[in-house]
Each structure stands twice: as structure tokens, then as C-alpha cells.
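Each residue of the sequence shown is one higher than the last, beginning at 1 in full-length UniProt numbering.
Contents: one structure, followed by commentary.
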Amino acid sequence: MEREAMEFDVVIVGGGPAGLSAAIALKQQAPDLSVCLLEKGAEVGAHLLSGALLDPVALKELLPDRWQEAPLGVPVTDDQVHLLQSDNRALQLPNWAVPPRMHNDGCHIISLGNLCRWLAREAEALGVEIYPGFAASELIVEANRIRGVMTGDLGLDKAGNPKADHVPGMALYGRYTLFAEGARGHLGKQLIALFTLENAAQPQHQPQHYAIGFKELWQVPAGQSHPGRVLHGSGWPLGEQRGSKSQGGFYLYHLAEDQVAVGLIVDLNYQNPWLSPFDEFQRLKHHPLIAETLQGGERISYGARAITKGGWHSLPRMHFPGGLLIGCDAGTLDFSRIKGIHTAMKSGMLAAGTVAMSLRGGDEGGRDLAEYQDALQQSWLAQELQTARNFGAALHRFGPWLGGAFNWLEQRLFARASPFTLLDKEPDYRQLRLASRCQPIHYPKPDGRLSFDKLSSVYLANTSHDEDQPCHLKLQDERIPVTVNLPTWAEPAQRYCPAGVFEIIEAETPEAESQPRLQINAANCIHCKTCDIKDPSQNIVWTPPQGSSGPNYPNM
Numbered sequence: 001m002e003r004e005a006m007e008f009d010v011v012i013v014g015g016g017p018a019g020l021s022a023a024i025a026l027k028q029q030a031p032d033l034s035v036c037l038l039e040k041g042a043e044v045g046a047h048l049l050s051g052a053l054l055d056p057v058a059l060k061e062l063l064p065d066r067w068q069e070a071p072l073g074v075p076v077t078d079d080q081v082h083l084l085q086s087d088n089r090a091l092q093l094p095n096w097a098v099p100p101r102m103h104n105d106g107c108h109i110i111s112l113g114n115l116c117r118w119l120a121r122e123a124e125a126l127g128v129e130i131y132p133g134f135a136a137s138e139l140i141v142e143a144n145r146i147r148g149v150m151t152g153d154l155g156l157d158k159a160g161n162p163k164a165d166h167v168p169g170m171a172l173y174g175r176y177t178l179f180a181e182g183a184r185g186h187l188g189k190q191l192i193a194l195f196t197l198e199n200a201a202q203p204q205h206q207p208q209h210y211a212i213g214f215k216e217l218w219q220v221p222a223g224q225s226h227p228g229r230v231l232h233g234s235g236w237p238l239g240e241q242r243g244s245k246s247q248g249g250f251y252l253y254h255l256a257e258d259q260v261a262v263g264l265i266v267d268l269n270y271q272n273p274w275l276s277p278f279d280e281f282q283r284l285k286h287h288p289l290i291a292e293t294l295q296g297g298e299r300i301s302y303g304a305r306a307i308t309k310g311g312w313h314s315l316p317r318m319h320f321p322g323g324l325l326i327g328c329d330a331g332t333l334d335f336s337r338i339k340g341i342h343t344a345m346k347s348g349m350l351a352a353g354t355v356a357m358s359l360r361g362g363d364e365g366g367r368d369l370a371e372y373q374d375a376l377q378q379s380w381l382a383q384e385l386q387t388a389r390n391f392g393a394a395l396h397r398f399g400p401w402l403g404g405a406f407n408w409l410e411q412r413l414f415a416r417a418s419p420f421t422l423l424d425k426e427p428d429y430r431q432l433r434l435a436s437r438c439q440p441i442h443y444p445k446p447d448g449r450l451s452f453d454k455l456s457s458v459y460l461a462n463t464s465h466d467e468d469q470p471c472h473l474k475l476q477d478e479r480i481p482v483t484v485n486l487p488t489w490a491e492p493a494q495r496y497c498p499a500g501v502f503e504i505i506e507a508e509t510p511e512a513e514s515q516p517r518l519q520i521n522a523a524n525c526i527h528c529k530t531c532d533i534k535d536p537s538q539n540i541v542w543t544p545p546q547g548s549s550g551p552n553y554p555n556m
């Protein structure tokens, strides 16, 4: 099929903090470069979700004279860490017992979506061309180098046939292409495989590790919020789940105008296939420490998103012929600080500097920009990630108490000079135990005041998909969910998905000859990518649906 094509100096895939920072920095350093940015959401910010705490260090570097004009929410004024010991007990840790990197002095509680909408306006003012509603669906590879991306077709029916409003995707060519899709990027995953960017043979390398992060925004009664207060913690409801370990932590951020953000982060290395991260989050909100703030309030938004948390030891090689991986597409989040916005921004700025310098020097494009790795190594970004390189593996190996003590001692005594190297070499999807060896978990029915079901939650994510379009959740083998996953792990997709996308439909009667089948309710998908990560058979492949489909987060 003949497709239209456009040529740019640089094509950027993704309108999050990494992609937008790269776009702004490119135009600052080389105003004559043509820069195009693709965003699969209906607008910049529509698919962005984060807690979110911002360390403004990268924003100050990017826009030193204008950073204070950004929507910075409220500064952190009260910083607390709690250990939830049971469903009604909590222990607040004294400041001295909190690992230094978990302190939030100088940070701001923000909406990542609103910050990136502001950054998009700054980028456009500099001449960046931003195209929201266009999903980059395919790589354009020529002579073993990346030449750009292809956007997905619009107006296809479920069978993939063109409808009356069909518009073919476009080819966008760039001398260099920067990939900033966020955690578990669809094209980023392909690039890692295509160019063997993840060198598992390296002695100090581990596979990328992930968590699923939930967030709800609540409007609470006047006087129940304390703007600037930040609560983090771990423990209940996670921990020893009927003999199977699960780890993670919660947050409660107090914003302005009587709004609070509450969430739970569940590490995707959990072992019990009966565990439902969504339902663990609903349980969390009944703990008195959380409930006293939410009681009588109204839930106004909901979302969930995968989080890259492997850190320094999980970073792939980020350069390849014709392009760079940046931000959470590579995994630059600093999980020891539960922050990734400033690190994503810095990676984008470093990429921009590398590309701009190369193109100013007469480069025709398509090179392997290995000098990006040197720029990264010499930056505060590398220093920060190296300092926290053992954080996640310590928690996985020793648990929250001993792992937390290890991290406290390492950060206090050694920082970046630590002589220890801890690795977690087992991928998250391999961690599940047999369902028959784990006790099923029976979750309480939601009360409709603090806890809710999945479908009412998806409604608050403003998810929108054209029902008559190809299913964007691909099964490599359609038999595996029923013949392998169901008897072995009780098909965990029914529980790890936070939006009710995957459903096992049983035969109507015991005598019926038909077998159970997996029903995919793709219209519910909120693009969290958990299925692509946690499926124990690695049979589910998340691909971008028709452009602008998915959640529409107003200020998450």
C-alpha cells in the first residue's frame, strides 16, 4: 500500500518527560533542526500517570529562566514513612531510620500530565512539530539501521479490513529517531531484541524488573487534607501472602484544593498466581492510616501503569544505528527514590546534546551514537542510578526489613562507592508458583465508599476504544491461555490485569463439549502493559491500538 512519507532531522516517539525534554533541548542547541514528536494519546498527557513527586533538578537545567512557571503543584512540607504492621496497625519510622534517598526535601507534588502539557507548549514555541493521536506502530529498518517509524492505520475493522474512513499510516523518516515510549515500550522491546541491546552475559547485568503502580485521585472534605504532606510506606496488605512473598509499597500525597492522590505499587515478581494487585490496592484504602484521609471523599480518577524498577544493573545498551532509547523505555527510573521524571528528562537532554552535536558536525544520520553512553556515564544521572544499583535486589533477596536495613547502611556508609553487587537474575514472569501449591486469596466485596470494582474504576480512566478495530492484545498462540496457563496458574491474567480485560469463559454446562475460552475485552485496556510483562508463558504481546485510543487522564 502506498503511504505518505515525511522527512525530519529527528523523530521522537513519545510525549512524556523524556521525549519532550529531548525535543526542547534539541531546538535550544540546534534551532534549525526539524523535530517531530509523536504522541499516541489523544493529547499530550492523556496517557501519562505518575504519583507524582518531582525533583526539579532536570527542569531547572532544561529551562533555567522559566522552570518556576511550570505547574509545580505544592512543595513537600511534611515527609513521612510508615510500616503497616497489620490491617489496623502502623509504625511511623523516625527520620534517622529512613534511607537518605527516600527523603523528599525540595520536591513538589505534581500532575505529570499537566507538567508535560506545559512542556509541549514550550516545545511548540521553539518549533517542534507535535502530532497527538498518532501511534508509532512499526520500525522502519534499512541496511540494519533505524530510518524512522510507521504510524498505525486508522479506520480498520476487527478483521483488519479498511472501513469507509480508512486512512493509511504514514512513514516518518528521521536522520535519528529517539524512542521515549515509557515503561515496556512496544518498539523499545523490539529494538532491544533486534540490536541485542540487553547483554545478559555481562556479569553485572540483570533482566529489567517491573512493578504495577495504581493511582486514584480523590476530592476529600475540607480540612481532611494537608497540602504538602507525603506518606510512603510498605508492609500490609503485601508481604507473606499465604506462604507466598509479595512486595511493594503505598503512597498518599496531599495536593492543593482538598485533593489527595493514593496508590499502591506491587512488584511484578510476586509468586502467588491468585494474587490480584488491583484488589490489594482496594484493601489498602481500608487501613485507618489511609481511610482517615479518604473517608467521606469522592474518587474522581483512576489509573494504573507498569513501572521499570530494575535500575542501573538492568539498563540495556541505549544506542544503536540510527537512534537512542531514553527515559523509561530504557529503564532510567530511580526506584530507591520512587522517582523517574527527573531521570527521564535528563536522559532526553543528554540524547539531544549527543544528536545535536553529531548533526552540527556534518553527520548525515544513521550512525551508532556510542558517545551517548559516555555522556550518560559522566552525568549526575549515572551517579544517581549507580548509587542505588543494589536497592531493588536487596529488597527481593532479603525482604523489606533486612533489605531495608542493607539499603540504609549502604546509602549511609558507601553511596556510589559501595563494594557490594546484588543482582536479581530471574525475570518477573518466571516467579509464579503452581496454582495448586498456593492458597487462593478471597478478597472482600468492595463497599463502594473506599473500595470499588474494576469496571467502575475503568470508567474513571475515561478509556475509549473503537470496538470495531483489530484487537491490540495479540496472542502468539491462542491455545496457551486454556491449555497451559489455566491448568498451571489458574490463568493469572484474570487477576493481574487492573482493568478486567482478560476473562475466562467457562462452558455453560458440565456436559458441554466446548472448552473454557479466554475472552479479551480490549476496549477496557488502560495501556498499563502488565499483561506483556507478567504472562508466565510470554504469550501476550501488547501493541498500540488505533491512534488516540486508550485512557484520557485529565490531570494524573
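Note that the Cβ used here is the ideal one computed from N, Cα and C, for glycine as well.
All figures in this text were calculated on a predicted structure; none of them were measured in a lab.
When secondary structure is reduced to three states using DSSP, C471 falls in the coil class, being assigned neither helix nor strand. Bridge partners of C36 according to DSSP: V11, E129. For E491, the number of other beta carbons within 10 angstroms of its own is at least 16, and it is reported as buried. Annotation: the continuous beta strand (DSSP E) that includes P162 extends over 162 to 167. Listed as beta-bridge partners of T151 by DSSP are A136. Here R283 is buried, its C-beta having at least 16 other C-beta atoms within 10 Å.
In the three-state scheme derived from DSSP, where H, G and I count as helix and E and B as strand, M6 is classed as strand. A direct Cα-to-Cα measurement between A388 and Q206 gives close to 14 Å. For the pair of segments examined, the stretch 149 to 156 was found not to touch the stretch 63 to 77: the number of CB pairs separated by less than 8 Å stays below three.
Between A97 and the set G19, A405, L473, L486, the nearest pair of CA atoms involves A405. In the three-state reduction of the DSSP assignment, D329 falls in the helix class.
The alpha-carbon of I441 is positioned some 29 Å away from that of P551. When the alpha-carbon of P100 is set against those of A125, A415, Q271, the nearest one is in A415. For the options G361, A461, A522, R145, the alpha carbon positioned closest to that of E467 is the one of A522. By the criterion of a C-beta distance shorter than 7 Å, L455 is surrounded in its chain by G500, once the five residues flanking it on both sides are discounted.
E142 has R145 as its beta-bridge partners, per DSSP. 8 Å or more divides the Cβ of A306 from the Cβ of C116. Note that the stretch 173 to 189 does not touch the stretch 260 to 270; fewer than 3 beta-carbon pairs, one per stretch, sit closer than 8 Å. When DSSP reads this structure, S234 sits in a beta bridge with L83. Within the same chain, and ignoring the five residues on either side of G213 in sequence, the residues whose Cβ sits closer than 7 Å to its Cβ are G263, I265, A304, R305, I307.
Counting along the chain, W218 sits inside the beta strand (DSSP E) bounded by residues 210 to 219.
Between G45 and the set R121, D368, G233, the nearest pair of CA atoms involves R121.
The continuous alpha helix (DSSP H) containing H396 extends over residues 391 to 413.
Around D535, the same chain offers Y429, A493 as residues with beta carbons nearer than 7 Å, after the five sequence neighbours per side are excluded.
Here A25 is actually not in contact with S111; their C-beta atoms are around 22 Å apart, not less than 8 Å. Judged by beta-carbon spacing, S457 lies beyond the 8 Å limit of A42, meaning their Cβ atoms are not closer than that value. Closest in C-alpha terms to Q29, from the list L48, V128, S86, comes V128.
CA-to-CA, the gap between A461 and R360 works out to about 43 Å. At a Cβ-Cβ threshold of 8 Å, I130 and W218 do not count as neighbours. In this structure, the alpha-carbon of R337 lies about 15 Å from that of P400.
Your pair P132 and E4 does not check out as a contact, with CB atoms roughly 18 Å apart and the cut at 8 Å. For F452, no alpha helix (DSSP H) encloses it, and the DSSP letter there is neither H nor E.
Residue burial is scored here from C-beta neighbours: T483 has fewer than 16 other C-beta atoms within 10 angstroms and is therefore classed as exposed. The beta-carbon distance between L33 and V10, rounded to whole angstroms, is 6 Å. This is short enough to meet the 8 Å contact definition.
Uninterrupted beta strand (DSSP E) stretches at least 3 residues long and entirely within the stretch 240 to 298 occur at 244 to 246, 248 to 254, 259 to 267, given in chain order.
Restricting attention to T530, T463, I533, K339, the CA atom closest to the CA of N524 is found in T463.
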